[in-house]
Every structure is written in structure tokens, then in C-alpha cells.
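Shown next, in C-alpha cells, is the structure this report addresses.
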Amino acid sequence: MKGPGTASSVRVVTLKINDHDVSARESESILEVARENGIRIPSLCQMDGLSIAGACRLCMVELKGSSRLLAGCATRVAEGMEVLTNTERLRKYRRMIVELLLAERNHVCSVCVSNGRCELQDLAFECGVDHVRFPYRSAVYQVDASHDWYRVDHNRCVLCLRCVRVCDEIEGAHTWDAMGRGINCQVVTDLKRPWGESDSCTGCGKCVQICPTGALVKHGTSAGEMEKDVHFLPYLSRMRHWE
Amino acid sequence: MMQQNRITVATTWLDGCSGCHMSLLDIDDRLFLLAEKVDFVYSPLVDAKQLPESVDVGIIEGSVSTDEDLHKAIEFRKRCKFLISLGDCAVSGNVPSMRNLFKLDDVLDRAYRENVQVNPQIPRDGVPKLLEKVQPLHGVVDVDLFVQGCPPSAEVIWNVLSELVAGRTPDPTKLTRFGA
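Top to bottom, those sequences are chains A and B.
The first sequence begins at 1 in our numbering and counts up one residue at a time.
The second sequence begins at 1001 in our numbering and counts up one residue at a time.
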């Protein structure tokens, strides 16, 4: 990631988002440009200050003249692009993605420490998920409460990998990583040692703060009590990368 | 569906805490307004013991956890023209479904043997048989309207009922959510 370029090196492109003309730097993503122009695209794994994962697919957009859907976070704008962000087709897929996330693990909102402060919950609301049409998997996932201050509840993880990225890119510890493929994918600490026995974890808690759900939380929180604050991230990110 | 002035409503609770029904009572003095427009023909809140053959609106709280729950859900679906899944247990399984992570025998053992000092035994007589897996209501019957919340607030329930009384199909999706 680089700081803003000098005026002469910045190339500006013009494109349409939902039939509105917008201009943007060519290094920007569709998601960034949409936000700058007040156009809301639901997203989950993307976070300002972290690298792009393209993991959740919620920010998918349509391009006129193409049948492929593209992840808004991972697609750069281009001259003449005509982007659609809120078509019937996209709404259908977004709702399905949120439903599948809810069906995959065991998100029981009413007894979650993040109830009322959860990005997955907010997205379900925004996408009109009034029930989950798919059967719940009800697979068994562990809770690791071995760390002195924090706890990971895999029942509530959505595999956005924000924790993996913030630990590596901002804290520089790389305690978190992902293991397993597909439905068996899971975030782990130190090659799957208990978090409390991790040699690399500095205990900084950034992973906890940026986790969108109740998967990473502080000990001692009860239902609805886990407040998170992500405002440190863009600042830290700038300080790390500014040259 | 609801051309007449008065509509008939039946409610029941399956595997839940009855909190959704308490929330219905929480509409307070609006119960009187409701009583002018609605006949509660079957409900834990009224005396009627028989579900009538035909009811305008059925409201079910709680998840489907026993053979009796399943039977009630099927009967409600058969007899109610419009069926509402009320609250997170009915809509998603919620807390009752947390036992789905374990084998049913292990759950019963934990409750009635492992943690019991006196005469440990699995109750079988006079109690409904637990199903192997807890299901949301729409896992066993078709549902016409989902009302999320644990419990849905009195305001949400009032909105749903007054829309029905007015002959409209309610849309509570912008008023409530999972866990609300």
C-alpha cells in the first residue's frame, strides 16, 4: 500500500455507478469509489487499512455487458465502466450469502456477547434475511478460552480473515492464520496451538476489535456486552505504511 | 382472507420460554382495541381447549423439538389460513436448537443422569418424545410470515396484528431482527 501519489502521477477515470457519472483515481476499487460517492454496497471482509481478501463476496457488483459478477473490493475501476450495485440478481445473491453464513456455523444471536453490535446481524437485517431457507448444519465447533484476556468461539466465525490480516499486516505477529479448505477452513493461532499457549501473540487485541461477529471477544462479557472499536485501524495503517 | 370485520386467531407455544406470548400481552391497553377486531379462538392465554377446524391466523412461538410440537405445527398449518412464525426459536431454532450439537442420548444423560443424585432416570411416561434434532417451524411446515426477535417487541407484534386486522400483509423485516 502506498500513500497518495503526486498530482502528475494520478490518472483519473470516469465511469458510471448505477447510471450516475463518477470520477475516480484509477488505483481505486469499485467499492472505494462507491463509498466516496455515498453509494452503499454491503461488505463484510473488507476493512479500510487491511489488504483485500475478497473472501465474503457480499460486495459483488454487476458490469453492464458482462454476465460475470465481480467483487467490488477486489476490482479496480476502469474508464467507461458501467457498474450496477443493487440489482435484483445481486440482492438475491447477497441474501443467499448471508443465509449460508448463518446456516454454516452456530450463530445464536439472542445469547451472543455481540448481540446488537454484530456486522453479520446488521447485514442480515439490511439484506432482508427474515429466516434462513437452508438447513442449519449444526456442526460442532470449539471455543478456546485459554488466552488470559480473549476468547475465540468458532461457532460464530465467518472466515472473513480480518484477524489474520490485522495480526500480520498491522501488528506484525502473524499469530492467526487459516487452516483447512472449504467447509473445513478454520482460523488458528500458532499452527493450531491453544491461543493461551501462543508464543507469537502479543495480546494487543486488534483481532478482537476488528472481528465483525462474536467470534473474537474479551473475557467477562455477557450477552450484548461486547463493544468493539475499530477506529484505531486506518490511523495505525497509515503510520505503518507512510514513507 | 380477512374480509369480515373480525378475524379469528389461534396461538400456541412449542419449545420456547413463552416470552413471545408475554410480549404479546405487553401491548397493554391495545389489547382492548385488539379485542374489538379479533377473536382468540385457541391459545395458552385463553380457556378454549380445542383448535377449531378453520382459523384465519395461526401464531406459533417456539421451535419444533418434540413429537407433540411436530403434531401441533402440522395441525396449525392444516387449519390456519395464514401461519406466523413468531420469535427467534420458531424462526431459527435459537436456544433450544443449541442441543443439536450433541446426540440426543447424551443430552438426556447430562440432564437426567450425570447431574442427578437421587433416582436418576430418563422420563418417558406422560412427556412428549424429544426429536433427534430441533428444527425451526419452517423446517417442518410452510410459513407465511416470519417475525424475528427474542422476543419480538410488543411494538412489532402490535404492528403485525394491526396490519392483519386492517386486511394487509404485514412486513416486519424493517422493524425487528435476529436477537432483537
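Glycine is no exception: its CB is placed at the ideal position from the N, C-alpha and C atoms.
Computed from a predicted structure; not experimentally measured.
Please state whether the Cβ-Cβ distance between residue i and residue j is less than 8 angstroms.
i, j, result
"valine 10(A)", "alanine 24(A)", "no"
"cysteine 1080(B)", "alanine 1010(B)", "yes"
"valine 1038(B)", "isoleucine 1007(B)", "yes"
"glycine 245(A)", "leucine 31(A)", "Residue 245(A) cannot be examined here, being either before or after the span of chain A that is shown, 1 to 243."
"histidine 1021(B)", "proline 1044(B)", "yes"
"isoleucine 1060(B)", "leucine 1086(B)", "yes"
"isoleucine 1027(B)", "valine 1057(B)", "no"
"cysteine 163(A)", "valine 129(A)", "no"
"valine 1134(B)", "aspartate 1015(B)", "yes"
"leucine 90(A)", "valine 132(A)", "no"
"histidine 107(A)", "tyrosine 150(A)", "no"
"valine 77(A)", "glutamate 26(A)", "yes"
"valine 45(A)", "leucine 161(A)", "Note that residue 45(A) is cysteine in the sequence shown, not valine. Result yes, Cβ atoms of cysteine 45(A) and leucine 161(A) sit closer than 8 angstroms."
"serine 1097(B)", "serine 1063(B)", "yes"
"leucine 1131(B)", "aspartate 1067(B)", "yes"
"valine 1095(B)", "serine 114(A)", "no"
"cysteine 118(A)", "proline 194(A)", "no"
"cysteine 157(A)", "alanine 215(A)", "yes"
"phenylalanine 1102(B)", "glutamine 1148(B)", "no"
"aspartate 229(A)", "glycine 196(A)", "no"
"phenylalanine 134(A)", "glutamate 99(A)", "yes"
"threonine 75(A)", "isoleucine 39(A)", "no"
"leucine 159(A)", "alanine 55(A)", "yes"
"threonine 202(A)", "alanine 178(A)", "no"
Compare the C-alpha of residue i against each of the options and name the closest.
i, options, result
"proline 42(A)", "Gly182(A), Asp168(A), Ile97(A), Arg117(A)", "Ile97(A)"
"asparagine 184(A)", "Arg105(A), Glu171(A), Asp19(A), Phe125(A)", "Arg105(A)"
"lysine 1181(B)", "Val1160(B), Ser1092(B), Asn1094(B)", "Absent from the structure is residue 1181(B), since the part of chain B shown begins at 1001 and ends at 1180."
"methionine 239(A)", "Lys16(A), Ile170(A), Ala34(A)", "Ile170(A)"
"asparagine 37(A)", "Gly49(A), Ile52(A), Lys16(A), Cys157(A)", "Lys16(A)"
"lysine 1072(B)", "Leu1104(B), Gln1050(B), Val1116(B), Gly1087(B)", "Gln1050(B)"
"proline 984(B)", "Phe1040(B), Val1055(B), Asp1069(B)", "Here chain B covers residues 1001 to 1180 and nothing more, so residue 984(B) does not appear."
"histidine 154(A)", "Arg94(A), Gly220(A), Thr75(A), Lys192(A)", "Lys192(A)"
"serine 200(A)", "His219(A), Trp176(A), Arg181(A), Val111(A)", "Trp176(A)"
"cysteine 127(A)", "Asp148(A), Leu101(A), Val152(A)", "Leu101(A)"
"alanine 53(A)", "Ser222(A), Ala173(A), Lys206(A), Val166(A)", "Val166(A)"
"glycine 1093(B)", "Asp1142(B), Val1156(B), Pro1136(B)", "Pro1136(B)"
"valine 1141(B)", "Asp1106(B), Phe1178(B), Arg1077(B)", "Arg1077(B)"
"aspartate 19(A)", "Ser51(A), Lys64(A), His147(A)", "Lys64(A)"
"aspartate 168(A)", "Ser138(A), Ile39(A), Gly49(A), Asp144(A)", "Gly49(A)"
"cysteine 1221(B)", "Pro1172(B), Arg1177(B), Pro1151(B), Arg1168(B)", "Since the first residue of chain B shown is 1001 and the last is 1180, residue 1221(B) is not available in this structure."
"threonine 1012(B)", "Asn1005(B), Pro1170(B), Glu1075(B), Val1116(B)", "Glu1075(B)"
"aspartate 1144(B)", "Asn1119(B), Pro1172(B), Pro1120(B)", "Pro1172(B)"
"glutamate 79(A)", "Leu233(A), Met47(A), Glu28(A), Phe232(A)", "Glu28(A)"
"serine 198(A)", "Ala55(A), Ile210(A), His231(A), Ala145(A)", "Ala145(A)"
"leucine 58(A)", "Tyr93(A), Ser51(A), Met47(A), Gly205(A)", "Tyr93(A)"
"valine 1055(B)", "Tyr1042(B), Trp1158(B), Leu1031(B)", "Tyr1042(B)"
"valine 33(A)", "Met81(A), Tyr136(A), Ala139(A), Leu69(A)", "Met81(A)"
"alanine 223(A)", "Arg35(A), Gly116(A), Leu70(A)", "Gly116(A)"
"alanine 1176(B)", "Val1118(B), Trp1158(B), Val1165(B)", "Inspection of the sequence shows that residue 1176(B) is occupied by threonine rather than by alanine. Looking at the Cα atoms, Trp1158(B) is the closest of the given residues."
"arginine 137(A)", "Asn1100(B), Asn1005(B), Gly1019(B), Arg1030(B)", "Asn1100(B)"
"arginine 1124(B)", "Gln1117(B), Gly1139(B), Asp1105(B)", "Asp1105(B)"
Going by DSSP, which residues form a beta bridge with residue i?
i, result
"glutamine 1135(B)", "Val1064(B)"
"alanine 71(A)", "Met60(A)"
"isoleucine 1084(B)", "Ile1059(B), Leu1145(B)"
"arginine 151(A)", "Val217(A)"
"tyrosine 1042(B)", "Ala1010(B)"
"aspartate 1015(B)", "Ser1063(B)"
"leucine 1130(B)", "Thr1066(B)"
"valine 12(A)", "Arg25(A)"
Quick one: does the C-beta of residue i sit closer than 7 angstroms to a heavy atom of the ligand MN?
i, result
"glutamate 26(A)", "No copy of the ligand MN occurs in the structure displayed, which carries no ligand at all."
**OP:** Below 7 angstroms between beta carbons is the criterion; list the residues of the stretch 1009-1030 of chain B that meet it against any residue of chain A, in chain order.
**Re:** none
**OP:** Scan the stretch 1076-1097 of chain B for residues whose Cβ lies nearer than 8 angstroms to a Cβ of chain A and list them as they occur along the chain.
**Re:** Ser1085, Asp1088, Val1091, Ser1092, Gly1093, Asn1094, Val1095, Ser1097
**OP:** Can you check the stretch 155-198 of chain A for any alpha helix (DSSP H) of at least 4 residues that lies completely inside it and give the ranges in chain order?
**Re:** 162-166
Original post:
At what residue ranges does the stretch 70-144 of chain A contain a whole run of the beta strand (DSSP E), taking only runs of 3 or more?
Top reply: 82-84
Subject >> Sequence ranges, beta strand (DSSP E) only - wholly within the stretch 14-61 of chain A, length at least 3 >> reply: 20-25
Original post:
What are the residues of the stretch 122-134 of chain A that lie near chain B, defined by any Cβ-Cβ distance shorter than 9 angstroms?
Top reply: Asp122, Ala124, Phe125, Gly128, Val129, Asp130, His131, Val132, Arg133
Original post:
For the stretch 1101-1121 of chain B, which residues have a CB atom closer than 7 angstroms to at least one CB atom of chain A, in sequence order?
Top reply: Leu1101
Original post:
According to a CB-to-CB cut-off of less than 8 angstroms, which residues of the stretch 170-188 of chain A neighbour chain B?
Top reply: none
Subject >> Where the stretch 1156-1172 of chain B meets chain A: residues whose CB sits under 8 angstroms from a CB there >> reply: Pro1172
Subject >> Contacting positions in the stretch 1049-1063 of chain B - beta carbon closer than 7 angstroms to chain A >> reply: none
**OP:** Taking only beta carbons into account, state which residues of the stretch 97-113 of chain A come closer than 9 angstroms to chain B, listed in chain order.
**Re:** Leu102, Asn106, His107, Val108, Cys109, Ser110, Val111, Cys112
Original post:
Looking at chain B, which residues of the stretch 136-167 of chain A have a Cβ within less than 7 angstroms of any of its Cβ atoms?
Top reply: Tyr136, Ser138, Val140
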